[in-house]
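Below: the structure, in structure tokens.
Residue numbers (this note's numbering): 2 to 241.
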């Protein structure tokens, strides 16, 4: 299965073999993979070559290391196409996953200058500040803080804020949601994020800021989210 005469590097060939085993189910999610020595003996290659292949697969999110236990197959990433505007709840339902939220705090606060500017409201206008952990099939995927103007979205309570905001706006307030702008950047988890998302401090994360608009162009939501980079991936199709 390893062609030592191929121009393709041996470590890359091993990577592809392991990826294929993951994709066809030979290596199941959360399964412990063979040791470096076992791979080296099986394919008659050096342990250094095996280590390079495994390091690359860990970096790409296919595998994960657990100190003192070994290297395991990571859970598959949740993929979101950057084409349409959907809520987290809708994203998970479309994948056959059960979405849920852990509400961390629900407050009504005066909007600070930066929040007010992005929501096009007066500074110190009343906004809901909602912090929660978003989960899919019980696994935490994101830490989310949302700012929502009370004058645009009245009637939110601690009880209904933990459901789908978009559903509440469209079905209860009969407002039409139009579009959103979104910024994405990479970072690493600090202690607070690592505790909330059940990851290690220093693990890669995605920072996402979204401003959502009604059909009349009014901003109704500013959301700052921190996603686990090992479980979430964004896909964008570009056409010429």
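Quick reminder that beta carbons are idealized off the backbone N, C-alpha and C, glycines included.
As the structure is a computational prediction, the values presented were derived from the model and not from experiment.
- Among the bridge pairs identified by DSSP, residue 140 is matched with 137.
- Ranked by Cα distance from residue 111, the options 151, 218 and 225 are led by 151.
- In this structure residue 50 is not in contact with residue 18, their Cβ atoms being roughly 12 angstroms apart against a cut-off of 8 angstroms.
- The DSSP-derived three-state label of residue 28 is coil.
- Residue 190 and residue 76 have their C-alpha atoms roughly 19 angstroms apart.
- Between residue 133 and the set 154, 173, 198 and 99, the nearest pair of CA atoms involves 198.
- Contact check for residue 209 and residue 226: beta-carbon distance about 5 angstroms, within the 8 angstroms limit, so the pair qualifies.
- Between residue 131 and the set 121, 164, 71 and 137, the nearest pair of CA atoms involves 164.
- The DSSP-derived three-state label of residue 22 is helix.
- Separation of residue 193 and residue 44 (C-alpha to C-alpha, rounded to the nearest whole angstrom) is 43 angstroms.
- The Cβ atoms of residue 48 and residue 38 sit closer than 8 angstroms to each other.
- Spatial neighbours of residue 159 in its own chain (CB-CB distance under 6 angstroms, excluding positions within 5 residues in sequence) are listed in chain order as 107.
- Annotation: the continuous beta strand (DSSP E) that includes residue 211 extends over 205-215.
- For residue 77, there is no enclosing beta strand (DSSP E), as DSSP marks it with neither H nor E.
- For the pair residue 224 and residue 171, the CB atoms are not nearer than the 8 angstroms cut-off.
- By the criterion of a C-beta distance shorter than 7 angstroms, residue 142 is surrounded in its chain by 79, 135, 136, 228, 229, 232 and 233, once the five residues flanking it on both sides are discounted.
- A Cβ-Cβ distance of about 6 angstroms is found for the pair residue 177 and residue 215, placing them in contact under the 8 angstroms criterion.
- Annotated three-state conformation of residue 188 is strand, per DSSP.
- Closest in alpha carbon position to residue 22, among 221, 168, 204 and 64, is 64.
- In terms of Cα proximity to residue 104, the closest of 27, 14, 147 and 122 is 147.
- The beta-carbon separation of residue 213 and residue 220, rounded to 7 angstroms, stays under the 8 angstroms limit for a contact.
- At the C-beta level, residue 70 and residue 59 stay beyond 8 angstroms of one another.
- Residue pairing by DSSP puts residue 182 in a beta bridge opposite 212.
- One Cα belongs to residue 222, the other to residue 4, and the distance between them is close to 54 angstroms.
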